[in-house]
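K.L.:
In my numbering, the protein residues as written are 2 to 399.
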Amino acid sequence: MKSSELERINKPGMYRVAFGVYLRVAPGGSKQFVQRIMVHGKRRDIGLGGWPATTLSEAKCKAICNRAEVLTGGNPITSKCALRLVKRRNTSVPSFKDIQKKTLESLKSTWRNPKTGKNWKESMDNYVTPSIGNKPIEEISREDVLEILVPLWNDKPNLARKLRQRISAVFKMAIAYGYTESNLAGEAIDGALPKQKAVTAHHRALPYSRVPKMLEAVVNADASIAIRAAVCWITLTACRAGEARYATWQEIDMKHRIWRIPGSRMKASKDHRVPITDGMLTILELVKSSRDDSDYLFPSIKKPGSPLGENSFSYLIRQIGFGKVATIHGLRSSFRDWAAERGIDRQLAEQALAHTVQGVEGAYFRSDLFRRRRAVMKQWNDHCTKRCAAMMREILAG
């Protein structure tokens, strides 16, 4: 097999690439050369190094040396351990903390929200770095990893799963650079971790029949126009909070009454169109009349040129007395329940929520049903604003 072909092998499994030499592809995508060889009558797998830090030619050379050692009565496994000790004395092996920093830098470009990186680092600094951060990556054992995860596995299952994923990411980075050969947070420790109970946490969803009353309270709340308008906008469009926070005037097509959200801001990374109804148009006119020089539809008052803070909406929901029964994200569920009760086609509702349709149905479905969604959103808006439409117009007129 040619070296250029290794890059195209991505499905997890073992692939023979030379005599006695295999490429092991892990479920996470990391690749490692492994030699299968008989040592003193027993078949053994010997790691030859992670790809691409170790080339195919280098892996073949190591395999030849191992075979030669077996033929002369030696044991390449024990001699390899001795060689590793010598290597540690003569070269600087990076610590877990060093690789963790490199991993974080690599992942930053894949995260839309800077808060993700902050949470990633804080969790590792609090729970992982104190125990294994200063250890050379090759000296860390499975027991070290389990001592971190087991105490949290059932008491704090979500945190434990995230920590395992993050520790695993660090080991994958180390494997890729040839600093170690095994992912000690991967499948190797599955048997030592008890099965967690499946607990699904749902956002508090306000019954759709109470949404009009909530919007009435929002319109009358003692808060800035931007915050009140944003909560109304999120409700009427059934969009995610982040999509509304970062919405800009460049995304608004007033002529065709369309809000065009670029894929870079969507959860599914696909462009999404939202029909602008009369109620939404009133909101746009309201925020435009009080607009500063910001490009954002709903700019922050405290930080000019920035969008509203991510906690602004939940604060307002609590302020108007709905904090125990509703969340901003839960309003999307309110819309979904309303659509189901009204007998609205499931595909229409899913498209309105910008959900990705899975399976065969999703693979063949290409239309975003925009024209039909416009009628659905009008019905939803009529339902939501029946108690506050006049008040919104009064605020605009005043």
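Using N, Cα and C, we set each Cβ at its ideal position, and we do this for glycine too. For clarity, every value in this text was computed on a predicted model and none was experimentally measured.
So what does DSSP say about F34, is it helix, strand or coil?
P.N.:
DSSP places F34 in strand when its eight states are reduced to three.
K.L.:
What number of angstroms, rounded off, separates the C-alpha of R337 from the C-alpha of N382?
P.N.:
13 Å
K.L.:
Return the Cβ separation of T386 and L216 in integer angstroms, given the expectation that the two are a contact with Cβ distance under 8 Å.
P.N.:
7 Å
K.L.:
Between the C-alpha atoms of A224 and S210, what's the straight-line distance to the nearest angstrom?
P.N.:
24 Å
K.L.:
Is the distance from the Cβ of L332 to the Cβ of I235 below 8 Å?
P.N.:
yes
K.L.:
Starting from L24 and walking both ways along the alpha helix (DSSP H), at which residues does that stretch end?
P.N.:
Note, L24: premise wrong, no alpha helix (DSSP H); beta strand (DSSP E) at V22 to V26.
K.L.:
Does DSSP put M255 in a helix, a strand or coil?
P.N.:
Coil at M255, not helix or strand.
K.L.:
Applying the 10 Å Cβ sphere with the 16-neighbour rule, what's the burial state of W112?
P.N.:
exposed
K.L.:
With distance defined between alpha-carbon atoms, name the residue in G29, R45 and E59 nearest to V18.
P.N.:
For V18, the nearest C-alpha among the options comes from E59.
K.L.:
Checking the sheet assignment: what are the DSSP bridge partners for D156?
P.N.:
Answer by DSSP bridge pairing: none, since D156 is not bridged.
K.L.:
For the beta strand (DSSP E) that M267 lies in, which residues bound it at each end?
P.N.:
No beta strand (DSSP E) holds M267; DSSP gives it neither H nor E.
K.L.:
Pull the bridge partners of D46 from the DSSP assignment, please.
P.N.:
R37
K.L.:
Thinking S132 and I149 are a contact (beta carbons under 8 Å), I'd like their distance in whole angstroms, please.
P.N.:
6 Å
K.L.:
By DSSP, does R143 sit in helix, in strand, or in coil?
P.N.:
helix
K.L.:
Across which residues does DSSP place P308 in a beta bridge pair?
P.N.:
DSSP, once it has assigned bridges, lists P300 as partnering P308.
K.L.:
Would you give the residue range spanned by the alpha helix (DSSP H) that A19 belongs to?
P.N.:
Segment G14 to A19 is the beta strand (DSSP E) holding A19; no alpha helix (DSSP H) there.
K.L.:
Figure out for me which residue from H384, A355 and S31 has the closest Cα to the Cα of F172.
P.N.:
With respect to the C-alpha of F172, the residue from H384, A355 and S31 having the closest C-alpha is S31.
K.L.:
Using the DSSP secondary-structure output, state which residues sit across from G51 in a beta bridge.
P.N.:
Paired residues: Q33.
K.L.:
Excluding the 5 residues flanking G50 on each side, which residues of the same chain have their C-beta closer than 8 Å to its C-beta?
P.N.:
Hits under 8 Å: Q33, F34, E59, A60, K63, G179 and E182.
K.L.:
Please determine if the region 314–330 and the region 261–271 are in contact, where contact requires at least 3 C-beta pairs separated by less than 8 Å.
P.N.:
no
K.L.:
By how many angstroms is the C-alpha of T104 removed from the C-alpha of G134?
P.N.:
13 Å
K.L.:
Is it right to say Q197 is buried, meaning 16 or more other beta carbons lie within 10 angstroms of its own, or is it exposed?
P.N.:
exposed
K.L.:
Per the DSSP calculation, P273 is bridged to which residue(s)?
P.N.:
At residue 273 the sequence reads His, which differs from the Pro that was named. Answer is I262.
K.L.:
Between the alpha carbons of R374 and H257, how many angstroms are there, rounded?
P.N.:
Taking the straight line from one Cα to the other gives about 14 Å.
K.L.:
Just list the residues that DSSP pairs P213 with in beta bridges.
P.N.:
Beta-bridge pairing links P213 to no other residue.
K.L.:
Quick one: grab the DSSP three-state call for S291.
P.N.:
coil
K.L.:
May I have the straight-line CA-CA distance separating Q101 from E139, to the nearest angstrom?
P.N.:
14 Å
K.L.:
Considering only the alpha carbon of each residue, which of G14, F20 and L24 lies closest to E6?
P.N.:
L24
K.L.:
Since I believe A54 is in contact with A177 (beta carbons under 8 Å), could you give me their beta-carbon distance rounded to a whole number of angstroms?
P.N.:
A54 and A177 do touch by the CB rule: their CB atoms are close to 6 Å apart, below 8 Å.
K.L.:
Tell me, to the nearest whole angstrom, how far the beta carbon of I318 is from that of I329; I am working on the premise that it is less than 8 Å.
P.N.:
7 Å
K.L.:
Whole-angstrom Cβ separation of I10 and V26, contact assumed at under 8 Å?
P.N.:
6 Å
K.L.:
Are the beta-carbon atoms of R246 and F299 separated by less than 8 Å?
P.N.:
A contact, by the Cβ cut-off of 8 Å.
K.L.:
Pick from H41, T56 and L108: whose alpha carbon is nearest that of N67?
P.N.:
H41
K.L.:
Do you know offhand how far A69's Cα is from E188's?
P.N.:
Straight-line spacing of the CA atoms in A69 and E188 works out to 32 Å.
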